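Here the structure comes first, spelled out in structure tokens, and everything after it is commentary.
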Amino acid sequence: MSAVLDIVATYRAPRAVFRRRAGAAPREDRAIAILLLACGLIFIAQWPRLSRLAFETGAELQPMLGGALFGWMFIAPLAL
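If you count by the working numbering, then the sequence shown holds residues 18 to 97, one letter each, in order.
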């Protein structure tokens, strides 16, 4: 079942959805998708901090964002 259908089903029967998701065999495709989604969210969460740092120091924002993107989307999944 897709994640969207699971979200809808959770409103009706959260225990059944949790039981089905927890009882399912671990799948690598879902694990990597969740890992990349988490790394992407962390990267997006870094934008305000990097923007403030660029404003305070006068540095360019784009290289900072590029470094954070490379770090979170390419290096962090390998380390985890």
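Where a beta carbon is used, it is the ideal one built from N, C-alpha and C, also for glycine. The model shown is predicted, which means the values in this text are computed figures rather than measured ones.
How big is the Cα-Cα spacing for residue 46 and residue 72?
Within the sequence shown, numbered from 1, the residue matching residue 46 stands at position 29. Within the sequence shown, numbered from 1, the residue matching residue 72 stands at position 55. When rounded, the distance between both Cα atoms is 39 Å.
Contact set for residue 64: own chain, Cβ-Cβ below 6 Å, skip 5 residues either direction:
By one-based count along the sequence shown, residue 64 stands at place 47. Excluding sequence neighbours, residue 64 sits near nothing in its chain.
Got a sec: is the Cβ-Cβ distance from residue 83 to anything in chain D below 8 Å?
In the displayed structure, chain D is absent; only one protein chain is listed.
Could you compute how far the alpha carbon of residue 92 sits from the alpha carbon of residue 69?
Position 75 of the sequence shown, counted from the start, is the residue given in the question as residue 92. Position 52 of the sequence shown, counted from the start, is the residue given in the question as residue 69. Going from the Cα of residue 92 to the Cα of residue 69 covers about 24 Å.
Based on Cα-Cα distance, which residue from 66, 82, 57 and 61 lies nearest to residue 90?
Stepping through the sequence shown from its first residue, residue 90 is reached at position 73. Measuring from the Cα of residue 90, the nearest candidate turns out to be 57.
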